[in-house]
Every structure is written in C-alpha cells, then in structure tokens.
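Chains as they are written, first to last, in the numbering used here: chain A, 121 to 248; chain B, 121 to 248.
Step one of this worksheet: look at the structure below.
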DNA sequence: TCCTAAATAGTAATGATTACTATTTAATTA
DNA sequence: TAATTAAATAGTAATCATTACTATTTAGGA
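What follows is the structure, encoded as structure tokens:
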C-alpha cells in the first residue's frame, strides 16, 4: 500500500465528518483541497479504506451508500422523511445469535440493522 | 385498480416461489405464460403488489432486490457465499424499540435486519 | 358496441458504481 | 541525485438494476 495524497485527504474528510457522508459529498469536500481529483479515485479509495478497517460503509436502501468514521460496533436509524442517519447502540446479544444460528443452520458473520423512523425535527414539521 | 393478466401471473409466480426470487427471475417465469411481457411491467407490478401489501420486498446489499410471499413479520439471513436467503423469526422486542426511541428521539416505523452468514451447505463445501 | 382511462410493450434514461487505459508518481535502487 | 518500476490517478466508458416515457392496447362501464 503506497501513500497517496488523495487517499489521505479522503480519509481526513470522513474522519472529520459529523454526519454520514456519501461518495459524492466526500468527493466535493476533497475537491476543495485537490480540485482535479477523480470521482473514481474517491470510490476506489473509500473501498480500500473500508477493507483496511479505517472507516465503515453504511448500506442505504436507496443504494446510495454512506460512510462512517465510527469503528465501534453499532447500527443506524434512518429518517424516512429527511434521510438523516444516526448511530444506535443496539446489537444482537449472544442468545439471539445462538437462536438464529440454531433456527437456520447458518453461521452468523455479521448483522446490521436497518431501522427506519421519523426523526424529532420531522415529527415537529421542521423539515418535510 | 383494474385487472390485468400480467399482474395476476406475476403475483402467482411470487406466491408459488419457494426461494426469494428477484425481478429478473420472476420475469423469466412469467414469460413462460406471457412471452411478450415487458420487464418494466414486471417491475411496476411488483411495486404495486408491495404497495398493496400482497407481497414484500427484501432489500439486498448488492442492490438486486428480492421478493417474498411471506407476510408475517420476519427478517432474513443471507449466505455470503452462495447468496441464499432464508427467513428468520427475529424481531425487535418492545423494550428494544423503546430504548432506541429514547436514545435517538426517532419514532421507529419499521426495522429490518440484514443478517449475513454462511449457510450449512457452503460450510460443508458443497457450493463454493 | 362504444368510450375512456388504466395498463402494457418496447425503448430510452437514470444514477450509483466499477472497469479501462494512458499518464503520473511514490519510493526503491544504482 | 537520477533512473526505474509498479502502484495510483484522471478521465472516460461501461455496467446494471431500476425507473421514465410514449404510442398502443385493453378492461370494464355506459
């Protein structure tokens, strides 16, 4: 793995993000530092960084995946109204894992919750 | 909602499926009865049937969604090796829902688990 | 049978992502 | 320090599931 300024800036953008940015948003942020960076470079390096375990990918049901600087085990809740993504401390406990494994004969490797809901702002009509 | 033979056959195919077929597989099955059916018609009617609550959509992380005849609340476990999808009886219980709602300020509308694992066949080297 | 809006077939468009290729560059070696 | 080479990039084309569009067909009521 060779150093590249592009990958370095991409990592910085994700690590300094407060929300869960998607590839295009990351691309636009990095462009401020490296104006001629290619979108393909952003995608390639995001995947590399995920493979290295330096960031995580959040799979969205509309297919527009997002990226996450938080590495501790957690899941996400997504506002159906405004699309906001929030971290959630909720995991399958050991008993639940065993129960599913017994029920299905599968060996669980990982489990992510796609929780859908309405956020407080949208509930109060602030957004949509 | 007007009757159409196309929608009727599409529903039949999903209801008589044992696995969780995707749109292309459904299209190919229906083509045996209605050779000149359009793929767009299959997609449109699958979405209509989902909206009507007659079938369900299973969101896959590769973006190639599948369809499910089972309407009772359940989730899915997916084999990372062969792609097989199996139903799982596992839901958030009331306490977990409340806890997440308190933690996030979101009102949960629905929650689906994307559980990944290795199925028995693949574990025994039968598939991949 | 006639009429009209709903549904279809066939094709084009969309949009996120990946693949491809000539060029650039990190970093090793002489 | 300069030459070398494989890894990484920029820019563009391709992919692939899905949706949009439009002329044509059709269900079902008058």
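Quick reminder that beta carbons are idealized off the backbone N, C-alpha and C, glycines included.
Query: Please confirm whether residue 233(B) has its beta-carbon closer than 8 Å to some beta-carbon of chain A.; Result: yes
Query: Below 8 Å on the Cβ atoms is my contact criterion, and I expect residue 227(A) with residue 237(B) to pass it. Report the Cβ-Cβ distance as a whole number of Å.; Result: 5 Å
Query: Look up residue 195(B) in the DSSP assignment and say whether it is helix, strand or coil.; Result: strand
Query: In whole angstroms, what separates the C-alpha of residue 232(B) from that of residue 200(B)?; Result: 18 Å
Query: With which residues is residue 239(B) paired in a DSSP beta bridge?; Result: Answer is none; residue 239(B) lacks a bridge partner.
Query: Around the C-beta of residue 224(B), are 16 or more other C-beta atoms found within 10 angstroms, so that it is buried, or is it exposed?; Result: buried
Query: Is it buried or exposed for residue 156(B), if we count other Cβ within 10 angstroms and need 16 for buried?; Result: exposed
Query: Specify, as a first and last residue, the run of the alpha helix (DSSP H) that residue 122(B) falls within.; Result: Segment: none, residue 122(B) is in no alpha helix (DSSP H) and carries neither H nor E.
Query: Pull up the CB-CB distance for residue 193(B) and residue 235(B), whole angstroms please, since I reckon it's below 8 Å.; Result: Not really, about 15 Å apart at Cβ, beyond 8 Å.
Query: So residue 134(B) packs on residue 175(B), CB below 8 Å; how close in whole Å?; Result: 5 Å
Query: How far does the beta strand (DSSP E) with residue 207(B) in it reach, from first residue to last?; Result: 205 to 208
Query: List, in chain order, every chain A residue whose beta-carbon is nearer than 8 Å to that of residue 179(B).; Result: 181, 234
Query: At what residue ranges does the region 148 to 188 of chain A contain a whole run of the beta strand (DSSP E), taking only runs of 3 or more?; Result: 176 to 178, 186 to 188
Query: Output the boundary residues of the alpha helix (DSSP H) element that contains residue 218(B).; Result: 214 to 224
Query: Under 8 Å: do the region 166 to 186 of chain B and the region 216 to 223 of chain B share three or more Cβ pairs, one atom per stretch?; Result: no
Query: For residue 140(A) and residue 208(A), which I take to be in contact (beta-carbon distance under 8 Å), what is that distance rounded to the nearest angstrom?; Result: Actually they are not in contact, since the Cβ atoms of residue 140(A) and residue 208(A) sit about 12 Å apart, beyond 8 Å.
Query: Looking at chain B, which residues of the region 122 to 151 of chain A have a Cβ within less than 9 Å of any of its Cβ atoms?; Result: none
Query: On the criterion of 16 or more Cβ atoms from any shown chain inside 10 Å, does residue 213(B) qualify as buried, or is it exposed?; Result: exposed
Query: For a contact meaning CB atoms closer than 8 Å, what does residue 175(A) contact in chain B?; Result: Ordered by position in chain B, no residue passes the 8 Å Cβ test against residue 175(A), which lies about 17 Å from the chain.
Query: Under the rule that 16 or more other beta-carbon atoms within 10 Å means buried, what is residue 169(B), buried or exposed?; Result: buried
Query: Can you check whether the C-beta of residue 225(A) is within less than 8 Å of a C-beta belonging to chain B?; Result: yes
Query: If we define contact as Cβ-Cβ less than 8 Å, is residue 188(B) a contact residue for chain A?; Result: no
Query: So what's residue 227(B) in DSSP terms, helix, strand or just coil?; Result: strand
Query: Contact check, residue 130(A) vs residue 166(A) under 8 Å by CB: the rounded distance?; Result: 7 Å
Query: Quick one: what's got a C-beta closer than 8 Å to residue 154(B)'s C-beta in the same chain, skipping five residues either side?; Result: 125, 126, 129
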